[in-house]
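Numbering (the working numbering), first residue to last: 49 to 521. Ideal Cβ positions, reconstructed from N, Cα and C, are used throughout, including at glycine. All remarks here apply to the structure that follows.
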Amino acid sequence: YKYLKRGIHFSKYNSRLRVCNKSLITTYKGTEFSNNTSFQTRHYSHIVIPSADVIKANQEEYLNKKPISSPLKGIRVLDLSRVLAGPFATQVLADLGAEVIKVEPADGDITREWGPPYLKLDGKDTEVSTYYYGLNRNKKSISVNLKTEEGKAIIQDLAKHSDVLIENFRPGVLKKFELDYDSVIKNINPDIVYASVSGFGQTGSMKNFPGFDLLTQGMGGLMDITGEADGHPQKIGFPVTDIVSALYSVIGILSELVRKGKATSSEDQVSPHIDVTLFETALSLLVNLGSSYLNSGEIPTRIGPHHPSIVPYGLYDTKDRPVLIAVGTNKQFKNLVECLIKKTQTDLPDNFWDLYGKNKNRVKHAKELRPWIQEQLSSFSSGEILEQCRENNIPCGPVNDVKEAFNELPVQERFLTLKEGTMVNSALHSLKPVDFDDTLPPSIGEHTNEVLKRVLNLEEEKLSELREKGSIC
Numbered sequence: 049y050k051y052l053k054r055g056i057h058f059s060k061y062n063s064r065l066r067v068c069n070k071s072l073i074t075t076y077k078g079t080e081f082s083n084n085t086s087f088q089t090r091h092y093s094h095i096v097i098p099s100a101d102v103i104k105a106n107q108e109e110y111l112n113k114k115p116i117s118s119p120l121k122g123i124r125v126l127d128l129s130r131v132l133a134g135p136f137a138t139q140v141l142a143d144l145g146a147e148v149i150k151v152e153p154a155d156g157d158i159t160r161e162w163g164p165p166y167l168k169l170d171g172k173d174t175e176v177s178t179y180y181y182g183l184n185r186n187k188k189s190i191s192v193n194l195k196t197e198e199g200k201a202i203i204q205d206l207a208k209h210s211d212v213l214i215e216n217f218r219p220g221v222l223k224k225f226e227l228d229y230d231s232v233i234k235n236i237n238p239d240i241v242y243a244s245v246s247g248f249g250q251t252g253s254m255k256n257f258p259g260f261d262l263l264t265q266g267m268g269g270l271m272d273i274t275g276e277a278d279g280h281p282q283k284i285g286f287p288v289t290d291i292v293s294a295l296y297s298v299i300g301i302l303s304e305l306v307r308k309g310k311a312t313s314s315e316d317q318v319s320p321h322i323d324v325t326l327f328e329t330a331l332s333l334l335v336n337l338g339s340s341y342l343n344s345g346e347i348p349t350r351i352g353p354h355h356p357s358i359v360p361y362g363l364y365d366t367k368d369r370p371v372l373i374a375v376g377t378n379k380q381f382k383n384l385v386e387c388l389i390k391k392t393q394t395d396l397p398d399n400f401w402d403l404y405g406k407n408k409n410r411v412k413h414a415k416e417l418r419p420w421i422q423e424q425l426s427s428f429s430s431g432e433i434l435e436q437c438r439e440n441n442i443p444c445g446p447v448n449d450v451k452e453a454f455n456e457l458p459v460q461e462r463f464l465t466l467k468e469g470t471m472v473n474s475a476l477h478s479l480k481p482v483d484f485d486d487t488l489p490p491s492i493g494e495h496t497n498e499v500l501k502r503v504l505n506l507e508e509e510k511l512s513e514l515r516e517k518g519s520i521c
């Protein structure tokens, strides 16, 4: 694939597996991916560093999984979304084989400009922001001016020939283009699955309020339960309500496609409006804390990197860096204590196991137990305690920065990144070994002519006329 406009080249190699000098697979299904065999980094002190032969065997075991063909092949998605939640949803659908037609204005999705950082080529910045780059692979881009009558008609015609439409405009905006749910279902395509993502929904007093992840994290209670007990509320480190709203949208769309396939009457073929909101997503993510409040009336509070119902389950300091201890059973707790006192030679009080042997008692006495555990761990380096925990089947792990996360073994053994810096989508990854034929995000309007010719049967002369009028770009 060549992106001449931006100078991006994605080379295709031969289709056979190739093995580098360290016996690690570096090419699969004709595409080269990253080969980072430098596992001797500080955070790998928590595992036995495997040999290259072991890594290769693990790679081959993964590749021997029976591939499943693209389950959404033949499904066409008209993507009227932009920025984050909508594009992430349609990227998942595209990864699963759907044809996603991304509609952009002449200057493109605004996230194309959201940088730095930008995608680098030969050590130099391109014009492609990494933000856009991470949300729009496997799609086709058409550039259409909705504000012209011809442009509006083109999108309406595409809706007529699509199985799914997804949008994240402010509620009511698409009505003036006759592309809102009611207009599309009644006048254009009664069989389409129509999904909207917004801050607060298509109905209600707050439907026109701007919906941003930061605001809905705060309003939905997520920030108040995040952070240190004596500190300020904290935003979760990624746009969680956007991403999960996208996944809820995908779940709704797939559910409707399945239901419609089983429908026995024409009336059953009409899909309800899939109305996903960032605020409701935030509430849903309270999960056990929300259930606790609704049933007890007690308001959950911030407790830092710990768990309200499991102890010890949280972040602890060592001599060199923090580690995570996640004890889920009483047996694991017993193993942890034995590991700690073996090194520190600490004598346990006679009533220690009466006080802390069961989780409900550990939760009750957490304020005394957590400092005791921290005192013991202060005698260990992170490597020492992580190795001890691993050997005794105690759940544990390091706190990685992003670079360290991409150096973890599953990245290498399960092919989670490509050479060009794209990440595998979990929805695709759970179904089949990674399809390395995925395409990079398109340039603005890269597929305008191809899509309009193939789907709407427009001739070259008509396309030139529309381009002169400014209806397409």
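Alpha-carbon spacing of residue i relative to residue j, whole angstroms
| i | j | result |
| --- | --- | --- |
| residue 166 | residue 158 | 14 angstroms |
| residue 396 | residue 420 | 11 angstroms |
| residue 254 | residue 246 | 11 angstroms |
| residue 487 | residue 150 | 14 angstroms |
| residue 185 | residue 414 | 47 angstroms |
| residue 400 | residue 417 | 10 angstroms |
| residue 294 | residue 137 | 5 angstroms |
| residue 69 | residue 453 | Note that residue 69 scores 31 on pLDDT, short of 50, meaning its location in the model is unreliable; the coordinates nonetheless yield the value given after this. Roughly 25 angstroms separates the two Cα atoms. |
| residue 321 | residue 521 | 31 angstroms |
| residue 513 | residue 263 | 44 angstroms |
| residue 431 | residue 219 | 53 angstroms |
| residue 152 | residue 507 | 21 angstroms |
| residue 406 | residue 98 | 36 angstroms |
| residue 310 | residue 172 | 52 angstroms |
| residue 306 | residue 214 | 17 angstroms |
| residue 251 | residue 304 | 21 angstroms |
| residue 191 | residue 344 | 53 angstroms |
CA nearest to the CA of residue i, picked from the options
| i | options | result |
| --- | --- | --- |
| residue 240 | 352, 123 and 348 | 123 |
| residue 410 | 385, 148, 182 and 395 | 385 |
| residue 267 | 321, 333 and 359 | 333 |
| residue 119 | 202, 402 and 146 | 146 |
| residue 319 | 403, 450, 139 and 237 | 237 |
| residue 517 | 190, 161 and 197 | 197 |
| residue 111 | 507, 155, 461 and 503 | 461 |
| residue 283 | 224, 504 and 265 | 265 |
| residue 393 | 271, 128, 428 and 456 | 428 |
| residue 382 | 335, 348 and 441 | 441 |
| residue 364 | 426, 335 and 514 | 426 |
| residue 297 | 348, 252, 195 and 212 | 212 |
| residue 128 | 171, 193, 98 and 144 | 193 |
| residue 388 | 434, 172, 201 and 343 | 434 |
| residue 372 | 446, 356 and 359 | 446 |
| residue 200 | 187, 189 and 222 | 222 |
| residue 391 | 424, 403 and 367 | 424 |
| residue 436 | 380, 449, 404 and 451 | 380 |
| residue 448 | 125, 370, 503 and 256 | 370 |
| residue 205 | 376, 232, 109 and 292 | 232 |
| residue 302 | 101, 140, 459 and 335 | 140 |
| residue 361 | 367, 376 and 348 | 376 |
| residue 105 | 510, 458 and 256 | 458 |
CB of residue i within 8 angstroms of CB of residue j, strictly
| i | j | result |
| --- | --- | --- |
| residue 444 | residue 374 | yes |
| residue 339 | residue 346 | no |
| residue 135 | residue 183 | yes |
| residue 130 | residue 216 | yes |
| residue 300 | residue 324 | yes |
| residue 261 | residue 287 | yes |
| residue 290 | residue 326 | yes |
| residue 126 | residue 210 | yes |
| residue 154 | residue 148 | no |
| residue 169 | residue 203 | no |
Delimiting residues of the alpha helix (DSSP H) encompassing residue i
| i | result |
| --- | --- |
| residue 228 | Per DSSP, residue 228 belongs to no alpha helix (DSSP H) and is neither H nor E. |
| residue 446 | Premise fails: residue 446 lies in the beta strand (DSSP E), 444-446, not in any alpha helix (DSSP H). |
| residue 196 | Where residue 196 is concerned, there is no enclosing alpha helix (DSSP H), given that its DSSP letter is neither H nor E. |
| residue 100 | 100-111 |
| residue 427 | That residue, residue 427, is in no alpha helix (DSSP H); it is neither H nor E in DSSP. |
| residue 133 | 133-143 |
| residue 328 | 326-332 |
| residue 501 | 496-504 |
Beta strand (DSSP E) segment containing residue i, residue limits
| i | result |
| --- | --- |
| residue 373 | 371-374 |
| residue 173 | 172-177 |
| residue 157 | Neither: residue 157 is in no beta strand (DSSP E) and is coded neither H nor E. |
| residue 453 | It is not in any beta strand (DSSP E) - residue 453 instead sits in the alpha helix (DSSP H) that spans 450-453. |
| residue 214 | 212-215 |
| residue 167 | 166-169 |
| residue 402 | That residue, residue 402, is in no beta strand (DSSP E); its alpha helix (DSSP H) goes 400-404. |
Check: So does the segment 273-288 actually touch the segment 350-366, counting three or more Cβ pairs closer than 8 angstroms?
Finding: Here the segment 273-288 makes contact with the segment 350-366; the two share three or more CB pairs at distances below 8 angstroms.
Item checked: At least three beta-carbon pairs within less than 8 angstroms, the segment 488-506 to the segment 176-185 -> Taking 8 angstroms as the limit for Cβ pairs, the verdict is that the segment 176-185 does touch the segment 488-506.
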